[in-house]
Structures are given as C-alpha cells and as structure tokens.
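Residue numbers (this note's numbering): 41 to 455.
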Ligand code: HGY
Ligand code: MN
Ligand code: MN
Ligand code: MN
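Structure, rendered in structure tokens:
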C-alpha cells in the first residue's frame, strides 16, 4: 500500500462525528449521552450498524465495552493492537470528548479493512463503557483490569440514584457476565488513544499534537453536612444549624486547601444535593460530590484528608455534623516511553510539531496502561474548553490526529 493509501477518509470521519453528536444533542449545541441512557443505547446501536456495514466483527462484553476486530489472517494468535476511547459524555458536555478517539478508531479499522495492510497482529477498536463515571469512575476500562464483584455492581448507583444493574438489565445484558470482563495478561500488544487535550497548552504554544507522558490520579467521595430542618420564617439566624452555610464556607476555602498541598492539586464539587429541598425550609442535609486530583498518589491522599479537615472546621463553625465516604482513588499513570517515541516519530515524519505533556484529565488509558504498553495523542482544544457545549477542535486538527493515530497503529501492528 502506498503512503497515500495510509490516510484516513477525513470526510467520513467528519460524518461519523457529526452523526454521533446527534445522539443526546442539546439545544445548547452540546450533548447529554450519559452512560446507558437512551441516547447512549441509540448511539451504540448506530455504531453496531456502522461496523456491520463495514463487514467488521464486533462483540460487547458484560459491562458494555464494545470491541471491533480487524483480523490478521495469518497471525490471529498474536496479541492485538488496541485503539479506542469512549462515547458516553458528561451532562450537556462536548461533541469531541471521547467521541474523537472512538470515531478515529472506527476510521482506523475501516481503513485497515479496506486497504488490506498486511498486519502481523489483529487490530481492535475498543469503546469503553462509562468513562465519565456516571456509575463508577472509568467503569468499563477498570473492568478490563480487575473484576467487579456482583455485590459491588449491586451497590453502584447513577447520578439519578438509579441502579447500574437495572441499567445493564434494560440493555439486555447478563449482570453475571459483568463480573467476567478482565483481559488476560498478554492479550493486548499495545494501546493508543487519540483524545482532545481539554486544556489550552497546545493551542497557546501553537503545537500540532501532544504526546502524553502521564495521566493525573484522581479521587472521588461524598461529603455530607448534617444540620437541622427548621422553619425559614420563624427560626432566628443565630439559632439555625444550616448545612448549606457550612457547605458554602467549605467550598469558599477550596483554593486555599489545594494550594496547601501542591501547585497541581485541584478539587471540584460538581454535584450538590439538599434535603428536604423546600424553599421555605432550613435544610437538614447538604451532600457534596467531590472530585480531587493530583500527579502523585501520596498528594491525592494528603489532599483528601486536607479536604475532610476543612469540612470539619466549617461544620464546627455552624454546629453541624459532617460525614465523608470515599468512592474511589485512581492512581496516576505514567505512559509508555517507547510508544511516546513512536508517536513522536510518526508525527514528525508527517511534518507535525509535538510536545510531551501530562494529562490533567482522566482517561481509559490510565487503566489500559496497567495491562499493556499505552500511549495517548492529544489534539488542541479551542480555548482549552471541555465538558461544555463550547468544546471544539478544528477539522484540520482532527484529521491530523487521526492520521498520526492510523500510522502509529500500523507501525505497532506490523512490528
Ligand atoms: O473527568 C475526567 O477527567 C474525564 O473526562 N473523565
Ligand atoms: Mn470527559
Ligand atoms: Mn474523555
Ligand atoms: Mn477520559
């Protein structure tokens, strides 16, 4: 195959990204395609049809990871090269987070099937389930690394309090199969994910592509401030035990808490629930869902205890109780230096500038790095925006990233 054949079909990639963005489209221009929602289920059905139309065999594992295979006729026993990402989104999120890497992977397997590159190992596209952690942080790729026990799956709830097992059941999947998803060591020769940067480093440096060196570690947990429900009209301000005032004081102090740990520490509360939820009732409880991150496990744990200490101080100032429950901590993940070198050499052979950089966003690659040599390619995000309808990357950058992905995958599948 000539070098010219070794390019993606840019128009087809654009069409698949634009079609995928219709599933869960919001009036804001963003998408709400949260895991296992009707929009996610419809996008999965569409993706299955796309693969069938391209004559590509596919399977879905017990927790919803989709795997699409380009066989290597005389090397099917060899460990496969994987590429992929996720198609679930955050509520009212962007059209490219996860979608780019998934549709670029679809384009890669389509081009390999069409051009019959003589592969020395199979190439597989993977769409991971629930990367955004609607039910559990990096659910699908975690399940490839370690099994979820049935009772753990029973306990997992979505953002609306719905049970994961009901969502899997509604999609016609056998929950027992969701406990048998781990990938045996040696199955995957290498994994490469294409993703938008979700930050402004590449754009402000005017660099074409990012070669990711490591992925941030992140923790999550529920923080409850417990006070006393009272009448909003007859209870003097000084007698109240109002959990929302304690929560407000805690949130106002976040920058000081993160700065006390490191320059790279961040902490966010993106979901807050108030009970009982009456405008004329002083609340009895405020529940905050915390997301906290840093580049080393030790500083993530130090950050977690600093956050709990700050919550205790805010609670004491308002005569409240406070309760914290950790959901998960995912270790930071260094990515494979050899694959970083390969991505860099493929990109410079195509005349593109690159820079090595850490990822402040979490990715399925951090799980994949535990079972295979793993690399990530970033393309610039306009204005550094993501997890927002404002998320945008240029079609030129999208095509550039997908072409570097294609040639990186071919290099790995022919070595
Ligand atoms: O939250 C993250 O960093 C990723 O987008 N799931
Ligand atoms: Mn995301
Ligand atoms: Mn993502
Ligand atoms: Mn991710």
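Every residue gets a Cβ at the ideal spot worked out from N, C-alpha and C, and that includes glycine. Remember, it's a predicted structure, so these values are computed and weren't measured experimentally.
When C-alpha distances from residue 240 are compared across 271, 423, 208 and 448, the shortest belongs to 423.
Under the criterion of beta carbons closer than 8 Å, residue 228 and residue 85 do not qualify as touching, at roughly 26 Å. Residue 273 and residue 320 have their C-alpha atoms some 7 Å from each other. Where residue 300 is concerned, the enclosing alpha helix (DSSP H) starts and stops at 294-301. At a cut-off of 3 residues, the continuous stretches assigned as beta strand (DSSP E) that sit fully inside the region 117-165 are 120-126.
Note on geometry: alpha-carbon atoms of residue 429 and residue 137 lie some 11 Å from one another.
Under the DSSP assignment, residue 331 falls in the beta strand (DSSP E) whose first and last residues are 325-334. Shown here, residue 380 sits in a helix according to DSSP, grouped into three states.
For a cut-off of 8 Å, the C-beta gap from residue 153 to residue 123 is around 14 Å, too long to register as a contact. Here residue 440 is buried: its Cβ has 16 or more other Cβ atoms, across all protein chains shown, within 10 Å. Residue environment for residue 431: buried (at least 16 other C-beta atoms within 10 angstroms of its C-beta). Beta-carbon to beta-carbon, residue 361 and residue 266 are separated by about 4 Å, close enough to satisfy the 8 Å threshold. In this structure, residue 400 has its CB at a distance of at least 7 Å from all heavy atoms of ligand 2.
Residue 171 has its CB nearer than 7 Å to a heavy atom of ligand 3.
Applying a distance threshold of 5 Å between residue Cβ atoms and the heavy atoms of ligand 3 selects 137 and 138, given in chain order. A distance criterion of 7 Å places the beta-carbon of residue 348 beyond contact range of ligand 2, judged by its closest non-hydrogen atom.
Distance from the C-beta of residue 427 to the nearest heavy atom of ligand 2 is below 7 Å. Annotated as proximal: residue 162 and residue 112, with beta-carbon spacing under 8 Å. Per DSSP, the unbroken alpha helix (DSSP H) holding residue 241 starts and ends at 241-245.
Residues of the same chain with a CB within less than 6 Å of the CB of residue 368, apart from the 5 flanking positions on each side, are 177 and 260 in chain order.
For residue 186, there is no enclosing alpha helix (DSSP H), as DSSP gives it neither H nor E.
The Cβ atoms of residue 445 and residue 242 do not sit closer than 8 Å to each other. Taking a cut-off of 8 Å on C-beta distances, the region 401-418 does not touch the region 276-286, as fewer than three cross pairs fall below it. For the options 420, 434 and 51, the alpha carbon positioned closest to that of residue 244 is the one of 420. Within the same chain, and ignoring the five residues on either side of residue 88 in sequence, the residues whose Cβ sits closer than 7 Å to its Cβ are 98.
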